[in-house]
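Protein chains in written order, with the working numbering: chain A, 1 to 164; chain B, 1001 to 1171; chain C, 2001 to 2184.
Please read the structure below before turning to the comments.
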Amino acid sequence: MPAGVSAWTALANVTLASPTSTVTFSSISGAYRDLRVVFTGGIGSANPSFVINSDTSSTYLWTTLEGNGSASASAWNGNNYGSFANNYIIGYDSSGIVIAMDILDYAATDKHKTILSRGGNINRTVNAVINRWPSTSAITSIQFRSDATNFTTGSTFALYGVSA
Amino acid sequence: MQLISTTTVGAGGTANITFSSIPQTYTDLYLLVNIRSGSNNDVLFMRINGDTSATTSMIIEGNGSSAAANSSTTNTFVRFGTITSAASASTFSSGMAYLPNYTGSAQKTVSSDYVSENNGTTAYQTIVAGRFPITAAITSLLISNTGSSLAEHSTASLYGILKGSGGATVS
Amino acid sequence: MLFPLGLLSQGGGGAAAGSFELISTASGTGSSGVIDFTSIPSTYTHLQIRYTAKNTSTNADLNITFNNVTSASYARHHVLGNTTAISSGNSTSATSISLLDAVAPSTTANVTANGIIDILDYANANKNKTLRAFYGVLQAYTTSRIYLASGFLDSTTAISRVTLTASGNNFSTASRFSLYGIKG
């Protein structure tokens, strides 16, 4: 990459015009090295998740570092989806949730994909989470799922690429 | 990611660092700070638009020996972290704050992490999720502390991040 | 309707001059435990290292030095989630900034540790050099970790060299370290 050229590229952005249960970034180019996703808004249920490349058969794992305002904890768990923030202490709110996720080497084929994220629900929890999708495939799509109740109107998802 | 402005504190220190007239042409704000104060273990914080309404924060903080969770619904600011500056001269704390959708009409949220350092047992590591009860666009951002002034050579850099034009599938 | 996200459809902020620029990228070779960024230009204000790392054996820590300083002039502090509790720790008067568990051992195939390290005001001669690191590794229940950590060097000399060393053995070929400059 030549000097003087930005390594940070804004790829996509969506603001929800109505309550929405899934948001998908698809056909993600492999031209970057890392991805960043930023979510702000509201989630009406306790178990928001993400799925990579439509894979709901692998076991995603995650570990958390979390606090709920008075108690702190760390947890480890797994399921056939990734934990968007934290499935356990997070509650829900119509707004005030911010989550930033970094996925390094998302297109590499020699490693599983690790997702680092932090953020929280200002009424319920603050946390840092590490997820692992146990696949060496390049990431070409990410779907965010709201679980029982939708992402609220006005919520935003933004996707960025970082070159290396 | 584009630099909007950088401030470096001059001789004598300053009570606060303020970014004013923030351009409304970006989507998110990204703030990097490298701060020292004249007090030990005081709190570094943020305010937007000069507002002193009560904010809401969730906090995790370690101090080099133990860690705990905390929260606030009464502070007139959102906490960044704890500064341990008196223990080691010329040592500045380092932090990042991300303020998404700062021109939007929803209440303004912030995600931050902040660490202080010194060559001693006690130093702080802080992760915060916060919200300002402000629906107006952010036009100014203030950084200050609960102790004495911010020390000479403290710096703060504010960046704007513009959203992409691609979309996503929603259902 | 689907919106393809290829390179040609990038939105604002890409490919033009910006404040976040790649300086250098280095990959693990399997035969070296050292990644050495030298001759770092002083024209930026901050540095960021984004990395994925795996060891060829079981060693799991990442030791960082600045300017080849190896005297007992470093400190490190962290808050950690270890799957069962959070805790905080410290290391002082050390010969490097040792980020614990920042490199995945070889025991679990295809697993790497990942992290983002910020070094603010790296060329400022008025400041001792510090870093902030957010990183983790997701392995089995007892060995998964997530950290927010900080590091310190008792020196105000501008950083022109950052050396990242595996605590033992080598970085595997799945390891990648990218150094970025941030204008300020």
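Ideal Cβ positions, reconstructed from N, Cα and C, are used throughout, including at glycine.
From a predicted model like this one, the values you see are computed outputs, not experimental measurements.
Can you tell me the Cα-Cα spacing of residue i and residue j, whole angstroms?
i: residue 1062(B); j: residue 1088(B); result: 19 Å
i: residue 1103(B); j: residue 1059(B); result: 25 Å
i: residue 2136(C); j: residue 1011(B); result: 39 Å
i: residue 10(A); j: residue 4(A); result: 17 Å
i: residue 1064(B); j: residue 1165(B); result: 43 Å
i: residue 21(A); j: residue 2047(C); result: 38 Å
i: residue 1057(B); j: residue 2158(C); result: 36 Å
i: residue 1096(B); j: residue 2119(C); result: 11 Å
i: residue 1055(B); j: residue 2072(C); result: 42 Å
i: residue 48(A); j: residue 84(A); result: 5 Å
i: residue 1098(B); j: residue 119(A); result: 10 Å
i: residue 2142(C); j: residue 1051(B); result: 45 Å
i: residue 1069(B); j: residue 1135(B); result: 27 Å
i: residue 90(A); j: residue 1032(B); result: Caution applies to residue 90(A), whose pLDDT of 49 falls short of 50 and renders its modelled position unreliable; the value that the coordinates give is listed next. In a straight line, the C-alpha of residue 90(A) is about 27 Å away from that of residue 1032(B).
i: residue 1170(B); j: residue 29(A); result: 19 Å
Helix, strand or coil for residue i per DSSP?
i: residue 2181(C); result: strand
i: residue 88(A); result: Unreliable positioning characterises residue 88(A) in this predicted model, as indicated by a pLDDT of 40, which lies under 50. A coordinate reading is not provided.
i: residue 2008(C); result: Here residue 2008(C) scores only 24 on pLDDT, less than 50, and its place in the model should not be relied on; the value that follows carries that caveat. It is helical.
i: residue 153(A); result: coil
i: residue 1124(B); result: coil
i: residue 2114(C); result: strand
i: residue 2145(C); result: strand
i: residue 135(A); result: coil
i: residue 1014(B); result: strand
i: residue 118(A); result: strand
i: residue 1001(B); result: coil
i: residue 1162(B); result: coil
i: residue 161(A); result: strand
i: residue 81(A); result: coil
i: residue 2013(C); result: Per-residue confidence for residue 2013(C) stands at a pLDDT of 40, beneath the threshold of 50, marking its modelled position as unreliable; no derived number is given.
i: residue 1134(B); result: coil
Name the chain A residues whose beta carbon is nearer than 8 Å to that of residue i?
i: residue 2141(C); result: 76
Can the beta-carbon of residue i be found less than 8 Å from the beta-carbon of residue j?
i: residue 2150(C); j: residue 1123(B); result: yes
i: residue 1133(B); j: residue 98(A); result: no
i: residue 2030(C); j: residue 2165(C); result: no
i: residue 2075(C); j: residue 2094(C); result: yes
i: residue 1093(B); j: residue 1035(B); result: yes
i: residue 2140(C); j: residue 2104(C); result: no
i: residue 1109(B); j: residue 1040(B); result: no
i: residue 2175(C); j: residue 2028(C); result: yes
i: residue 14(A); j: residue 1167(B); result: yes
i: residue 1117(B); j: residue 2020(C); result: no
i: residue 141(A); j: residue 24(A); result: yes
i: residue 1114(B); j: residue 1077(B); result: no
i: residue 1147(B); j: residue 1037(B); result: yes
i: residue 131(A); j: residue 82(A); result: yes
i: residue 2088(C); j: residue 1066(B); result: yes
i: residue 1016(B); j: residue 1143(B); result: yes
i: residue 2018(C); j: residue 1002(B); result: yes
Taking residue i as the query, report the chain C residues whose CB atoms sit under 9 Å from its CB, ordered along the chain.
i: residue 1141(B); result: Chain C residues near residue 1141(B): none, gap ~16 Å exceeds 9 Å.
i: residue 73(A); result: 2081, 2084, 2085, 2086
i: residue 130(A); result: 2081, 2114, 2135, 2136, 2137, 2138, 2144, 2145, 2146
Residues of chain B with CB under 9 Å from residue i, in chain order?
i: residue 150(A); result: What residue 150(A) touches in chain B: nothing, since even the nearest Cβ is about 10 Å away.
Find the residues of chain B that neighbour residue i, judging by a C-beta separation of less than 7 Å, and give them in chain order.
i: residue 2126(C); result: 1090, 1153
i: residue 2145(C); result: Under the 7 Å cutoff, chain B gives no residues; its nearest Cβ is about 14 Å from residue 2145(C).
I want to verify the contact list: residues of chain C whose CB lies under 7 Å from the CB of residue i, in sequence order.
i: residue 1010(B); result: Here the premise fails: no neighbours, minimum Cβ distance about 12 Å.
What does residue i touch in chain A if you count any residue whose Cβ is under 7 Å from its own?
i: residue 1166(B); result: 11, 12
Along chain B, which residues have their Cβ under 8 Å away from the Cβ of residue i?
i: residue 2092(C); result: 1119, 1120, 1121
i: residue 2150(C); result: 1094, 1115, 1116, 1117, 1123, 1125
### Task
Anything in the region 2075-2087 of chain C with a Cβ closer than 9 Å to a Cβ of chain E? List those residues in chain order, please.
Of the chains in the structure shown, none is chain E; the protein chains are A, B and C.
### Task
Report yes or no: do three or more beta-carbon pairs, one from the region 147-158 of chain A and one from the region 28-45 of chain A, lie closer than 8 Å?
yes
### Query
Looking at C-beta atoms only, is the number of pairs between the region 2165-2177 of chain C and the region 1153-1171 of chain B that lie closer than 8 Å three or more?
no
### Query
Taking contact to mean at least 3 C-beta pairs separated by less than 8 Å, is the region 106-120 of chain A in contact with the region 133-140 of chain A?
yes
### Message
Counting beta carbon pairs with one atom in the region 1139-1150 of chain B and one in the region 2105-2119 of chain C, are three or more of them shorter than 8 Å?
### Response
no
### Task
Examine the Cβ distances between the region 65-75 of chain A and the region 119-130 of chain A and report whether three or more of them are shorter than 8 Å.
yes
### Query
How do the region 47-59 of chain A and the region 1010-1024 of chain B stand: do at least 3 beta-carbon pairs fall below 8 Å, yes or no?
no
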